[in-house]
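Undergrad: Here it is, the structure in full.
In UniProt numbering, the protein residues as written are 1 to 689.
Okay, here's the thing in structure tokens:
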């Protein structure tokens, strides 16, 4: 239960405890049995600053929302005015504490955040002479608080809202903390009508000196109060708060394009940040703090500061090249303010083409999309801002890539003579070359290429798997007419492919040269062909989704086959197979000889369609729907293969008939010349392989 209010807590919050013996208790108060709308928001100092609501023309039921929505029912300006003196008093109180006193008095109430060790660090920032310390501390605090509130939400809710504003407006949190408490949080971090500290900082709008330290102090004490309220709620409900695990950044090896940043590169960057027009002078301390963070191995600090300042600088460039200066600096409550989402989009909100991609070039845009937006990429800004990453374990590799990219970007906005001189340095010249040759790694096109190559590699080892000689000979004799019909269909389909294969690169020129041994080379060559990825339209993404599903299931078939072969071989050698199991084993070996070329054929067709993916624009609505229907029929085939070749089903005898039906569909559709490889040959604008 929260500590009882002492007679001394009515003293001014900012009074030095040593001088007057007083103590600030900012615990929230929550009484069991009272509806959320009647709960007192704060005890002592915070009680005076509860969010003011505009008078309602008529009484409303508790929890009912006004017609204008909950945000409009709060008097944000009035509440902010009332909060000012309270925040200052809280700030002076915290400044009067020693580190030890803070740890003893408040850290126990911060355990609910799952990151209590963060708050002593933020406490130190309150008295820091480095101006970026307060904004950086608030960024960390809001991210940590959002994550912790999400954990509390899951006590009663099922799926945590993605946006903080939706989280703060939820009934699930109001049931725990009270609506008035949530209103106070909205004023600080949940609405553009209030202080909007979270978004103002995370989107790079605030300069280092612009956020008063008193707001950071107030957020610390609010978090303490939430912990006290939560403890009371958990005691009453007998619930146990669980914490979601942090997200580990994966696939960073795919993003490690630039080499490690050396001291030489850091020295160049230190010089460039002072002279590049990309950086506003008032924002320079952020860049300097980012470099200090990297040198001191505080890689999360470095990344957080760089991300916000890249957004700030790119917003300036965006406003300039699109001639929309109103979108430049301010985050208004009455208009959509410009963030990375708009900066990196293809179109402006008025439908015009965004000129920034043309100005930056595709390599720079691809890097930013990889790092920030693609669903299978690291999405570092999202994960950091929502508190999903363990900050002490933030990988150096990610900060390294951001720094290297920043060097190249800043040089574009530096005096030509200085830029040219710096680019003569070997390390900088290497970074510029790598940046100019960058291509997407996490776009669905790139992911599909990786899937196809991985699956092809797994099929390539099939001949190396152990097979007993007597079983292999028995399987050969068991071949059926349907198997031969399948082989004939594969031959017919392949005979039509050479005109569409990359003959210009010497891979294949006719049917005779497309032997089984050369299939891997052809597939690898096709997957190495550049395919435009920036701003792919919906139709392209839909086709890519189906192709990726097909490839995924092909890989599962290959994996299941390898596992089954090794298991059955061991059982065959040890004579542990019963009569029916031996027969099933023979069916499997018969199917293998057919499935290998069939899977290769499917991978080859996927690679060919991928190279020509943008030709899908040439199809009308009916043709497009028929094409999707064809691809989904192939997907259904490989899904059935996954089922029949699993060790649970183990129905290898059914795969031959299934394969024959699928090959007929491929051959029939191919004869209609409606695959993308056929349309590419007809297109004079796209060309074909």
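Just so it is clear, CB atoms sit at the ideal spot from N, CA and C, and this is done for glycine as well.
Below 6 Å CB to CB, which residues in the same chain sit around residue 413 once its five sequence neighbours on both sides are set aside?
TA: Hits under 6 Å: 276, 277 and 278.
Undergrad: From residue 431 to residue 401, what distance separates their C-alpha atoms?
TA: If you take the alpha carbons of residue 431 and residue 401, they lie about 10 Å apart.
Undergrad: Pull up the DSSP beta-bridge partners for residue 353, would you.
TA: DSSP lists 347 as partners of residue 353.
Undergrad: Does the Cβ-Cβ distance between residue 363 and residue 286 come in under 8 Å?
TA: No.
Undergrad: In angstroms, rounded to a whole number, what distance separates the CA positions of residue 140 and residue 224?
TA: C-alpha separation (whole angstroms): 15 Å.
Undergrad: Does the distance from the CB of residue 90 to the CB of residue 230 come in under 8 Å?
TA: No. Outside cutoff.
Undergrad: Evaluate residue 590 with the Cβ neighbour count: other Cβ atoms within 10 Å of its Cβ, from every protein chain shown; 16 or more gives buried, anything less gives exposed.
TA: Answer is buried; the Cβ neighbour count reaches 16.
Undergrad: Taking just the CA atoms, how far does residue 123 sit from residue 99?
TA: Each residue's alpha carbon lies about 8 Å from the other.
Undergrad: If you drop the 5 nearest sequence neighbours on each side, which residues of the same chain put their C-beta closer than 8 Å to that of residue 254?
TA: Here the set comprises 441 and 442.
Undergrad: Would you mind working out which of 177, 202, 264 and 252 sits nearest residue 236, comparing C-alpha positions?
TA: When only C-alpha atoms are compared, the closest one is 177.
Undergrad: Return the CA-CA distance between residue 226 and residue 324, expressed in angstroms with no decimal places.
TA: About 42 Å.
Undergrad: If you count every other CB in all the chains shown that lies within 10 Å of the CB of residue 351, and 16 or more means buried, which is it?
TA: Under this definition residue 351 is an exposed residue.
Undergrad: Roughly how many angstroms lie between the CA atoms of residue 24 and residue 117, to the nearest whole one?
TA: Because residue 24 carries a pLDDT of 35, less than 50, the predicted location of this residue cannot be relied on, and the following value inherits that uncertainty. Near 21 Å, if we compare the C-alpha coordinates of residue 117 and residue 24.
Undergrad: Distance check for residue 662 and residue 586, CA to CA, integer angstroms please.
TA: Answer to the nearest angstrom: the Cα atoms are 22 Å apart.
Undergrad: For residue 304, name the three-state secondary structure that DSSP assigns.
TA: It is helical.
Undergrad: Roughly how many angstroms separate the alpha carbons of residue 510 and residue 528, rounded to a whole number?
TA: Bear in mind that a pLDDT of 43 at residue 510, under 50, signals an unreliable position, so the number given afterwards is only what the model happens to contain. Rounded to the nearest angstrom, the two C-alpha atoms are 21 Å apart.
Undergrad: Got a sec, what are the start and stop residues for the alpha helix (DSSP H) residue 653 sits in?
TA: Segment: none, residue 653 is in no alpha helix (DSSP H) and carries neither H nor E.
Undergrad: Which residue from 249, 444 and 409 puts its Cα closest to that of residue 429?
TA: Of the candidates 249, 444 and 409, the one whose C-alpha sits nearest the C-alpha of residue 429 is 409.
Undergrad: Please report the straight-line C-alpha distance between residue 248 and residue 260, rounded to a whole angstrom.
TA: Distance between the alpha carbons of residue 248 and residue 260: 21 Å.
Undergrad: When the Cα of residue 735 is compared with those of 489, 603 and 196, which residue comes out closest?
TA: Because the chain spans 1 through 689 in this model, residue 735 falls outside it and cannot be assessed.
Undergrad: Report the start-end ranges of each alpha helix (DSSP H) in the segment 106 to 138 that is 4 residues or longer and not cut off at the edges.
TA: DSSP runs (the alpha helix (DSSP H)) wholly in the segment 106 to 138: 118 to 126.
Undergrad: When you compare the CB positions of residue 613 and residue 452, do they come within less than 8 Å of one another, or not?
TA: No, Cβ-Cβ distance for residue 613 and residue 452 is not below 8 Å.
Undergrad: Using only the alpha-carbon positions, how far apart do residue 588 and residue 582 sit?
TA: Cα to Cα, residue 588 sits roughly 10 Å from residue 582.
Undergrad: Buried or exposed: residue 371, going by 16 or more other Cβ atoms within 10 Å of its Cβ?
TA: Classification of residue 371: buried, given that the 10 Å Cβ count is 16 or more.
Undergrad: Between the C-alpha atoms of residue 561 and residue 538, what's the straight-line distance to the nearest angstrom?
TA: Going from the Cα of residue 561 to the Cα of residue 538 covers about 35 Å.
Undergrad: For residue 549, which residues in the same chain have their Cβ closer than 8 Å to its Cβ, ignoring the five residues on either side in sequence?
TA: These residues qualify, in order along the chain: 635.
Undergrad: Helix, strand or coil: how does DSSP classify residue 103 here?
TA: The answer is helix: DSSP assigns residue 103 an H, G or I state.
Undergrad: Where does residue 461 sit, in a helix, a strand or coil, going by DSSP?
TA: Three-state DSSP puts residue 461 in coil, outside helix and strand.
Undergrad: Decide yes or no for the touch test of the segment 628 to 648 against the segment 569 to 584: beta carbon pairs closer than 8 Å, at least 3 of them.
TA: Result no; under three Cβ-Cβ pairs closer than 8 Å.
Undergrad: Take every Cβ of the segment 374 to 388, pair it with every Cβ of the segment 281 to 298, and state whether three or more of those distances are shorter than 8 Å.
TA: Output reads no: the segment 281 to 298 does not touch the segment 374 to 388.
Undergrad: CA-CA distance, residue 252 and residue 541?
TA: Whole-angstrom Cα-Cα distance: 24 Å.
Undergrad: Can you tell which of 218, 120 and 95 has the C-alpha that lies nearest to the C-alpha of residue 86?
TA: Minimum Cα distance to residue 86 is reached at 218.
Undergrad: Let me know the secondary structure DSSP gives residue 278 once reduced to three states.
TA: Correct three-state label for residue 278: coil.
Undergrad: Tell me which residues share the same chain as residue 446 and place their Cβ nearer than 6 Å to its Cβ, disregarding the 5 neighbours each side in the sequence.
TA: These residues qualify, in order along the chain: 440.
Undergrad: What is the rounded straight-line gap between the Cα of residue 309 and the Cα of residue 209?
TA: The alpha-carbon atoms of residue 309 and residue 209 are separated by roughly 15 Å.
Undergrad: Report the residue from 615, 268, 649 and 155 whose alpha carbon sits nearest the alpha carbon of residue 419.
TA: Closest by alpha carbon: 268.
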